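Enquirer:
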Amino acid sequence: MDHLKEENAQLKKRSRDLEEKNAKLDSQLNELEQYGRRQNLEIHGIPMPDNETNAEVEDKVLQFLKKIDTTIAKDAIDVVHRLRGKPKTDQNKKCLSIIVRFIARKTRKNIYSSRKELKSAEFDDLRIDRVFINENLTSR
Numbered sequence: 094m095d096h097l098k099e100e101n102a103q104l105k106k107r108s109r110d111l112e113e114k115n116a117k118l119d120s121q122l123n124e125l126e127q128y129g130r131r132q133n134l135e136i137h138g139i140p141m142p143d144n145e146t147n148a149e150v151e152d153k154v155l156q157f158l159k160k161i162d163t164t165i166a167k168d169a170i171d172v173v174h175r176l177r178g179k180p181k182t183d184q185n186k187k188c189l190s191i192i193v194r195f196i197a198r199k200t201r202k203n204i205y206s207s208r209k210e211l212k213s214a215e216f217d218d219l220r221i222d223r224v225f226i227n228e229n230l231t232s233r
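Reminder that position 65 of the sequence shown reads as 158 in the working numbering, one-by-one numbering, no gaps.
Following this line, the structure appears as structure tokens:
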């Protein structure tokens, strides 16, 4: 019986140690994922027509950025694409989020800080009602 109690105590200690190690690794993984997203922004609310290409998405993003007084060159953007998945509501059926990865963090920072201009911008030709610019954060 003493041998089983000792073995049980050792297993409990090992389990605690593994849980601590797992939590630490989970935190490190999240930090790495977040570091990889530091040059990204998410744009929510730009409508998506059927069979949209990435080039069309990039053009819409550039058009949108001009509307909020943020003119950037096309080569300042590394990649643009829509997030996959199903929208959460039928109202947003055609408004899947767009991820924009910039070449320079400074450009990303300028655009993120200009998001306040969204309140006064007019988007009639883009058919946009509500647009949001957010940081591309991990779920954690």
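Heads up, the beta-carbon is just placed ideally off N, CA and C, and yes, glycines get one too. The structure presented is a predicted model; accordingly, all values stated were derived computationally and were not measured.
Rounded to the nearest angstrom, what separates aspartate 152 and leucine 118 at their Cα positions?
Expert: Stepping through the sequence shown from its first residue, residue 152 is reached at position 59. Stepping through the sequence shown from its first residue, residue 118 is reached at position 25. Those two C-alpha atoms are separated by around 40 Å.
Enquirer: Tell me the start and end of each unbroken alpha helix (DSSP H) in the stretch 123-193 that is at least 4 residues and wholly inside, in chain order.
Expert: 147-160
Enquirer: Quick one: residues in its chain with C-beta nearer than 8 Å to the C-beta of asparagine 229, no 5 flanking neighbours on either side, listed in chain order?
Expert: Position 136 of the sequence shown, counted from the start, is the residue given in the question as residue 229. Excluding residues within five positions, the ones whose Cβ falls inside 8 Å are Arg130, Asn133, Leu134, Glu135, Ile192.
Enquirer: Kindly indicate which three-state DSSP category asparagine 115 falls into: helix, strand or coil?
Expert: As a first step, residue 115 must be located in the sequence shown, where it is residue number 22. Helix at asparagine 115.
Enquirer: Using 8 Å as the Cβ pair cut-off and three pairs as the minimum, do the stretch 198-213 and the stretch 155-172 touch?
Expert: yes
Enquirer: Applying the criterion that 16 or more other CB atoms from any shown protein chain within 10 Å of the CB defines a buried residue, is phenylalanine 157 buried or exposed?
Expert: Along the sequence shown, read from residue 1 onward, the residue named residue 157 stands at position 64. When all chains shown are included, phenylalanine 157 counts as buried.
Enquirer: Kindly identify the DSSP beta-bridge partner or partners of glutamate 228.
Expert: Sequence index remark: in the sequence shown, residue 228 carries index 135 (1-based). Answer is Leu134, bridged to glutamate 228.
Enquirer: Using alpha carbons as the reference points, say which of Gly138, Gly178, Val173, Pro142 lies closest to leucine 155.
Expert: The count along the sequence shown starts at 1 and reaches residue 155 at position 62. Nearest option by C-alpha distance: Val173.
Enquirer: Which residue wins for smallest C-alpha separation from isoleucine 196, given the options Arg175, Glu210, Asn144, Ile170?
Expert: Counting from one through the sequence shown, the residue named residue 196 turns up at place 103. Among Arg175, Glu210, Asn144, Ile170, the Cα nearest to that of isoleucine 196 belongs to Ile170.
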